[in-house]
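Count along the sequence shown from 1, then add 477; that gives the number in the numbering used here.
Notes follow once the structure below has been shown.
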Amino acid sequence: MIRVLIAEDHKIVRDGLKRILAATTDMQVAGEAAGGDEALALVKSNEYDVALLDMSMPGLSGIELIKRLKVEKPKLRILVLSMHGERQYAARALKAGASGYLNKDSAAELLVGAIRKIAAGGVHIGEAAAAGLLASRTDKPPHEMLSDREFEVLRRLVEGLGPAEIAERLHLSVKTVSTHKTHILAKLNLGSTAELVRYALEHKLV
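Structure, rendered in structure tokens:
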């Protein structure tokens, strides 16, 4: 039996995922979390085979959450569920320790198949993600040269969060967030948050 942890902040999505997994004979929803900190606490105190992980949740989330989960339980298999484009996010997620990346628009059958595949030791990525991973470094857009932390700050800036909110969510100081913002704008050759939002829209980062 594959023991699955569902980490997703929207209850209606969690309920939908539970219904999908309940229809299988080889999977059990062994835990659920509405935020990253809760997911980390559950992983510390319980044993799961696979964690279904939303990329954007309150508290600890995204790349940093993947890294923390793998530190706690190196053998835990992580399948990222996200609304973000595969090409933009999958490579970072896999590098951080995830075993698969699945867009939330995917069919239920694909989700079940992906869970079985990574539980058995495989890796699941879509065609768009594979294309992104195979792209040569010279083909990569500027945002792919950002550090993981800078990328997390970028995501929250374009979501409309201010430095204080970002600092609280990422457990950083406001000064550190402001420094990351300065580095992001410099690396992307942008002059303001408004330009950053435009850049994110053009590159399908939101």
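No residue lacks a Cβ here, since even glycine has one placed at the ideal position from N, Cα and C.
Contact set for residue i: own chain, Cβ-Cβ below 8 Å, skip 5 residues either direction
i, result
"GLU627", "HIS657, HIS660, ILE661 and LYS664"
"MET622", "LYS664"
"ILE543", "LEU530, ILE555, VAL557, ALA570, ALA573, GLY574 and ALA575"
Cross-strand partners of residue i (DSSP beta bridge)
i, result
"HIS601", "GLY577"
"LEU482", "GLY508 and ALA528"
"LEU556", "LEU529 and GLY577"
Cβ-based burial, residue i [other Cβ within 10 Å; buried from 16]
i, result
"HIS487", "exposed"
"PRO619", "exposed"
"ALA568", "buried"
"GLY639", "exposed"
"VAL548", "exposed"
"ASP469", "With the chain represented from 478 up to 683, any question about residue 469 goes unanswered, as that position is not in the structure."
"ARG675", "exposed"
"ASP492", "exposed"
"VAL600", "exposed"
"GLU485", "buried"
"ALA677", "buried"
"ALA597", "exposed"
"SER522", "exposed"
Cut-off 6 Å between Cβ atoms - residues of its own chain near residue i, not counting five sequence neighbours on either side
i, result
"ARG614", "Bear in mind that the predicted position of ARG614 carries a pLDDT of just 48, short of 50, making it unreliable; the figure below should be weighed with that in mind. So the list is empty, once near-sequence residues are dropped."
"THR653", "none"
"ALA516", "ALA484 and ALA510"
Closer than 6 Å: residue i CB and nearest the ligand GTP heavy atom
i, result
"THR501", "As far as ligands go, the structure on display features none, and thus does not contain the ligand GTP."
Under 7 Å between C-beta atoms of residue i and residue j
i, j, result
"ALA512", "MET534", "Checking the sequence, you will find Gly at residue 512 rather than Ala. Going by C-beta atoms, GLY512 is nearer than 7 Å to MET534."
"ILE602", "TYR566", "no"
"LEU537", "ASP514", "yes"
"GLU509", "ILE479", "no"
"VAL506", "VAL490", "no"
"LEU673", "LEU667", "yes"
Three or more C-beta pairs closer than 8 Å, one from the region 571-590 and one from the region 653-668: is that the case here? Touching, no.
Is there contact between the region 640-654 and the region 585-596, where contact requires at least three CB pairs shorter than 8 Å? No: the two stretches stay apart, fewer than three of their Cβ pairs being nearer than 8 Å.
Mind the definition here: the region 551-561 touches the region 524-535 only if three or more C-beta pairs lie below 8 Å; say whether that holds. Yes, the region 551-561 is in contact with the region 524-535.
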